[in-house]
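Notes follow once the structure below has been shown.
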Amino acid sequence: MPVVFVDAHSGDIVLSYDNLKTQRNRSTYNGKTQNSLPGTLVRNEASSPSGDAVLDLAHDNVGTTYDYYFASFGRDSDNDAGAALKATVHHKKNYVNAFWNGSQMAYGDGDGSQSSALVVLDVTAHELTHAVTDYSWDLIYSNDSGALNEAMSDIFGAAVEAYRDNAVSKNTWKIGDECWTPNTPNDALRYMYDPAAAGDFDFYPDRYQGTSDNGGVHWNSGIANLAFYLAVMGGTPPRGKTSNVVSPLSSNSLTSINMGAAIFYRANTTCLSPSSTFADARSCTEAAATDLYGASAATAIGDAWTAVGVSSSGGGGGGGTSTWTVIDTKSNLSGARRSGTNYSYTTPAGASQIKFDTSGGSGDVDLYVKFGSPPTTSSYDCRPYAAGNAESCVFNPAQQGTYYVMLRGYSAYSGVTLKMSTQ
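Positions in the sequence shown are counted from 1; adding 17 to them yields the numbering used here.
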């Protein structure tokens, strides 16, 4: 039978679905720190808890994500046809990652420093949403479409967490906060309310346009993440890239995130194509907002996209295109695993923004930046968490004084370039 939720204040339909009962179909495996998949089957729908806390949490979180998609959209599993949801925990040894490989999810246990086991709910929902993407809008995993692919997974990671908590808090907008850098309180892999805090981009004209990270699929996802956050919570961009003030979809944050998720889900399943751009995402989400909730919701969505520099024609809204001037380049840098090399930079007179980038070479270097004093592994203003050597920290506005940069070898690295740029 149909179930409809109505906002008591506005009269808007917030959520509707068919209450037809379906059945989860989960299979959860123990990879025993080996590289192969799927491993040994431990739990299915007929099984009791195994006593392995990591495996049982993964099993439960896959179930919660399934429940969210069915309750919110009537979607029966990732393929909307009751497909089995397969997951492997304890994948590889000290593996700091989780992924969807086209047929199942896999989770590493982390290394105890950069992360604990990556089976937490928003990461689980993120990976399962990649599966939903594969079976529906199938955004190509590169450039704009790839960044939208990643952002959709973060968006529904946040939405599923709000569904579990029946509330929206600041932690809702922190991706991976329940597992990332367990020895650093309040840290996260990504921050939807302030993507630049993790070194990601939050303004379309400033987006990464190189070839690393499949054209910046993780780094540029921050643009859509921030647009979604602003549409749900309202306000202005945290780094002042535009002065646009966005009114939230609803004054009730739980209602608002449910509305935002419904808009993005409808846009993706009825409008976007595999090669869609950010401009397409704006057009499709505005149309979905109009269809679901009317003109005021479409205005909130459009204002949110404008605030992050995405106009309806695909250019940079609200601020124009930014040009960076390279002030200093250090080339052919190298270091051993866990080594730390420090540099200092004085902010040039007249600089409104300052950016530090690492790129090129081999191995894996980590970038740490702090204003006023040298950074450490536990004290910094910017610390991008990215595999490889392409990392970036942007400070807007730039402070007058000294910025300190540390390059630390996550593994041994060589041939790396460090640049400081301003505008």
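For each residue, glycine too, the CB sits at the ideal point set by N, CA and C. Note that the structure is predicted; figures quoted are calculated from it, not measured.
Gly389 and Thr419: beta carbons closer than 8 Å? yes
N-terminal and C-terminal residue of the alpha helix (DSSP H) that Ala429 is part of: First-last for Ala429: 419–439, but that is the beta strand (DSSP E), not the alpha helix (DSSP H).
Start-end ranges of the beta strand (DSSP E) lying completely within the region 93–170, minimum 3 residues: 102–106, 115–117, 122–124
Count the other CB atoms, across all protein chains shown, that sit within 10 Å of the CB of Asn203; report buried if there are 16 or more and exposed otherwise. exposed
On a CA-only basis, which of Val325, Thr82, Phe281 is nearest Ala304? Give me that one, please. Phe281
Chain-order list of residues whose beta-carbon lies under 6 Å from that of Asn188 (same chain, five-residue window excluded): Asp194
According to DSSP, what are the bridge partners of Pro359? Looking at the sequence shown, residue 359 is not Pro but Asn. Answer is Met423.
Given this structure, state the Cα-to-Cα distance separating Leu74 from Thr272, to the nearest angstrom. 27 Å
Rounding to the nearest angstrom, what Cα-Cα distance links Tyr85 and Ser431 in this structure? 45 Å
Other residues of its chain near Ser133: CB distance less than 6 Å, five sequence neighbours each side excluded: Gly127, Cys196, Pro199
Looking at the strands, I want to know which residues DSSP matches up with Ile371. Phe412, Thr439
Looking at Ala214: is its Cβ nearer than 8 Å to the Cβ of Tyr221? no
Thinking C-beta only, is Ala104 closer than 8 Å to Thr45? yes
Three-state secondary structure (DSSP) at Asp217? coil
Mind checking whether Thr346 and Lys258 have CB atoms under 8 Å apart? no
Under DSSP, the beta strand (DSSP E) around Ser383 begins and ends at which residues? Sequence inspection shows Asp at residue 383; the Ser mentioned does not correspond to that position. 379–388 is the span of the beta strand (DSSP E), which, as asked, contains Asp383.
Using the C-alpha atoms, what's the distance from Val136 back to Val106? 8 Å
Kindly examine the ligand SAM and report whether one of its heavy atoms sits closer than 7 Å to the Cβ of Ala244. As far as ligands go, the structure on display features none, and thus does not contain the ligand SAM.
Give me the residue from Leu138, Met169, Thr394, Thr141 with the minimum Cα distance to Ser153. Met169
How should Asp182 be labelled, buried or exposed, when 16 other C-beta atoms within 10 angstroms of its C-beta is the threshold for buried? exposed
Residues of its chain near Ser313, where Cβ-Cβ distance is below 7 Å and the 5 sequence neighbours each way are ignored: none
Coarse secondary structure for Leu350, derived from DSSP in three states: strand
CB contact below 8 Å: Asn413 versus chain D: Absent from the structure is chain D; it holds one protein chain and no more.
Which residues does DSSP list as the beta-bridge partners of Leu58? Tyr46
Beta-carbon separation (whole angstroms), Ala407 vs Ile371, contact threshold 8 Å: Not confirmed; about 18 Å, so no contact.
Thr253 and Ala321 - do their beta-carbons sit closer together than 8 Å? no
Can you look up Cys399 in the DSSP assignment and give me helix, strand or coil? strand
In this structure, does DSSP put Gly332 in helix, strand or coil? The predicted model places Gly332 with a pLDDT of 44, which falls under 50 and marks its position as unreliable, so this point remains unresolved.
If contacts are defined as beta-carbon pairs under 8 Å, then Ser89 and Ala278 qualify, I think. What distance do you get, rounded to the angstrom? 7 Å
Sufficient close CB pairs (3 or more, under 8 Å) joining the region 161–180 to the region 235–253: yes
In three-state terms, what does DSSP make of Thr198? coil
Taking only the alpha-carbon atoms, compute the straight-line gap between Gln440 and Gly380 and give it to the nearest angstrom. 30 Å
Classify Gly426 as buried or exposed, calling it buried when 16 or more other Cβ atoms lie within 10 Å of its own Cβ. buried
How would you label Ser300, buried or exposed, when you count the other beta carbons within 10 angstroms and need 16 or more for buried? buried
What number of angstroms, rounded off, separates the C-alpha of Arg60 from the C-alpha of Arg43? 8 Å
Judging by CA-CA distance, which residue of Ile157, Leu138, Asp161 is the nearest neighbour of Ala176? Leu138
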